[in-house]
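S.K.: Sharing a structure here in structure tokens format.
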């Protein structure tokens with residue numbers, strides 16, 4: 125289970141002889157070798173009993189255990205055995221657009237290259253990677269699917285386990301490690317990549333545009349560290365950032381069911397309690413996005429409905445109830461902007477002009493609606509004091525993607 129991991133001395137299992145492992149200095153020339161940090165304000169010194177001096181350590185990845193300049197990081201060897209039986213049992217059918225992307229992914233994996241898969245929200249990115257994963261396993265390669273959000277890891281694990289029931293899967297995110305043996309497929313948050321070095325032949329980074337990955341250089345460093353020298357890296361996103369657009373790319377402009385993306389409409393801010401109930405339908409569900417936790421709590425209290433955010437102790441339970449339609453209306457923050465799927469849901473964004481709602485976030489939020497083939501439409505509303513560039517750009521981006529889809 126430690127195959128390919130990148131551990132501090134304190135994390136090493138007691139039964140392993142550390143002298144047999146490859147050792148690396150924790151910090152070289154004021155740069156942390158685990159997270160790549162070299163910003164002076166994220167490095168500090170402390171009186172260290174081992175070296176008996178004020179020793180430099182990294183504050184950027186301290187939550188993973190302390191890395192110091194006088195102690196080593198230990199690289200665990202990577203091993204792999206070819207599967208002895210069929211790996212992929214998924215019996216679904218890809219659309220022609222999905223199949224084209226899946227073929228490109230397989231080619232990228234075989235040739236150990238890099239690829240950006242730009243697919244609209246609801247295009248079925250997860251299903252597109254199944255043939256590529258099967259290809260990688262047949263070639264004796266180890267695969268990691270990494271994503272910035274723990275909620276997405278929890279969403280992906282049962283789907284991957286169902287598609288590859290005979291393959292041991294590891295699921296890793298903060299405070300949780302579902303791994304009992306060597307796993308040819310690892311699903312993790314991007315932060316957990318700090319714990320790996322030269323571990324994976326295929327790295328699939330989902331939601332590569334999401335916070336905090338897209339603007340965190342150390343997470344991007346960790347991705348490259350976790351990949352083997354000749355690895356293929358595949359980036360998945362519905363909203364690529366400018367710095368990602370130079371990569372080799374395949375574009376999937378339509379949802380798997382072939383219907384267009386719901387186009388947001390703009391509305392002046394409303395008084396939630398008195399006006400919102402008029403807009404709901406008994407057979408549908410409503411996701412209400414707020415820009416901050418405080419605002420989300422206020423709306424939930426005013427409406428007397430559940431709320432879920434990054435600090436919610438029971439957020440998995442609440443999300444599961446919403447998925448089972450035991451809850452009709454739910455207030456949330458941007459934690460549910462991506463990576464979750466609910467059928468027959470409408471989406472309202474409150475204070476849509478807030479700075480937290482950039483173009484990418486608004487496109488992703490709008491993409492929560494209309495994801496089911498049985499209910500491909502959805503009402504997406506941006507409530508605001510006035511239009512912002514991000515709101516207009518998000519709506520225009522959705523229209524452009526729909527236009528490209530119509531032409532096919």
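Residue numbers (the working numbering): 125 to 532. Note that CB positions come from ideal geometry on N, CA and C, so glycine has one too.
Tell me, please, which residues DSSP counts as bridged to residue 283.
M.R.: Answer is none; residue 283 lacks a bridge partner.
S.K.: Comparing C-alpha positions only, which one of 163, 245, 126 sits nearest to residue 88?
M.R.: Residue 88 is absent from the structure shown; the chain starts at 125 and stops at 532.
S.K.: Return yes when the Cβ of residue 271 is within less than 8 Å of the Cβ of residue 330, no when it is not.
M.R.: yes
S.K.: Start and end of the alpha helix (DSSP H) containing residue 425?
M.R.: 417-427
S.K.: Residue 431 and residue 455 look like a contact to me (Cβ under 8 Å); what is the Cβ gap, rounded to whole Å?
M.R.: 4 Å
S.K.: So residue 169 is in the beta strand (DSSP E); what residue range does that whole segment cover?
M.R.: Segment 167-172, the beta strand (DSSP E) holding residue 169.
S.K.: With a threshold of 8 Å between beta-carbons, can residue 292 be considered close to chain D, or not?
M.R.: Here chain D cannot be found, since the structure has a single protein chain.
S.K.: Roughly how far, in whole angstroms, is the beta-carbon of residue 327 from the beta-carbon of residue 357, given that I think they are within contact range, below 8 Å?
M.R.: 5 Å
S.K.: Return the chain-ordered list of same chain residues with a C-beta closer than 6 Å to the C-beta of residue 249, the five sequence neighbours on each side being excluded.
M.R.: Same-chain partners within the cutoff: 243, 360.
S.K.: Straight-line CA distance for residue 498 to residue 185?
M.R.: 45 Å
S.K.: What are the residues that DSSP puts in a beta bridge with residue 229?
M.R.: DSSP output for residue 229 lists no bridge partner at all.
S.K.: Around the Cβ of residue 337, are there at least 16 other Cβ atoms within 10 angstroms (buried) or fewer (exposed)?
M.R.: buried
S.K.: Does the distance from the C-beta atom of residue 417 to that of residue 472 stay below 8 Å?
M.R.: no
S.K.: Look at the Cβ atom of residue 136, then the Cβ atom of residue 154, and state whether they are nearer than 8 Å.
M.R.: no
S.K.: Taking residue 249 as part of the beta strand (DSSP E), name the residues at either end of that continuous run.
M.R.: Premise fails: residue 249 lies in the alpha helix (DSSP H), 249-262, not in any beta strand (DSSP E).
S.K.: What does the Cβ neighbour count give for residue 494, buried or exposed, with the cut at 16 atoms within 10 Å?
M.R.: buried
S.K.: Going by the beta-carbon positions, is the gap between residue 522 and residue 387 smaller than 8 Å?
M.R.: yes
S.K.: How is residue 192 classed by DSSP in three states: helix, strand or coil?
M.R.: strand
S.K.: Please determine, among 372, 191, 222, the residue with the shortest C-alpha to C-alpha distance to residue 382.
M.R.: 222
S.K.: How is residue 356 classed by DSSP in three states: helix, strand or coil?
M.R.: Shown here, residue 356 sits in a strand according to DSSP, grouped into three states.
S.K.: Assign residue 151 to one of three DSSP states: helix, strand, or coil.
M.R.: strand
S.K.: Are there 16 or more other CB atoms within 10 angstroms of the CB of residue 309, so buried, or fewer, so exposed?
M.R.: Counting Cβ neighbours within 10 Å, residue 309 comes out buried, since at least 16 surround it.
S.K.: Hey, would you say residue 475 sits closer than 8 Å to residue 514, going by beta carbons?
M.R.: At least 8 Å separates the beta-carbon of residue 475 from that of residue 514.
S.K.: Under 8 Å between the Cβ atoms of residue 319 and residue 463?
M.R.: No, the Cβ-Cβ distance between residue 319 and residue 463 is not below 8 Å.
S.K.: Are the CB atoms of residue 188 and residue 145 nearer to each other than 8 Å?
M.R.: Cβ atoms of residue 188 and residue 145: not closer than 8 Å.
S.K.: What are the boundary residues of the beta strand (DSSP E) that includes residue 132?
M.R.: 130-132
S.K.: Out of 174, 213, 500, which has the shortest C-alpha to C-alpha gap to residue 467?
M.R.: If we check each option's Cα against that of residue 467, 500 comes out closest.
S.K.: Going straight from the alpha carbon of residue 426 to that of residue 297, what length do you get?
M.R.: 33 Å
S.K.: Excluding the 5 residues flanking residue 254 on each side, which residues of the same chain have their C-beta closer than 7 Å to its C-beta?
M.R.: 212, 214, 287
S.K.: Please go through the segment 313-395 and give each complete beta strand (DSSP E) segment of 3 or more residues, from N-terminal end onward.
M.R.: 324-329, 351-361, 373-376, 389-392
S.K.: For the pair the segment 216-234 and the segment 368-376, tell me if three or more CB-CB distances fall below 8 Å.
M.R.: yes
S.K.: Rounded to whole angstroms, what's the CA-CA distance from residue 457 to residue 143? Just pull it up for me.
M.R.: 48 Å
S.K.: Using a Cβ-Cβ cutoff of less than 6 Å, which residues in the same chain neighbour residue 446 once the five nearest sequence positions on both sides are dropped?
M.R.: 454
S.K.: Measuring alpha carbon to alpha carbon, tell me which of 519, 159, 512, 220 ends up nearest residue 316.
M.R.: 159
S.K.: Pick helix, strand or coil for residue 475, following the three-state DSSP scheme.
M.R.: coil
S.K.: Helix, strand or coil for residue 515, going by three-state DSSP, please let me know.
M.R.: Correct three-state label for residue 515: helix.
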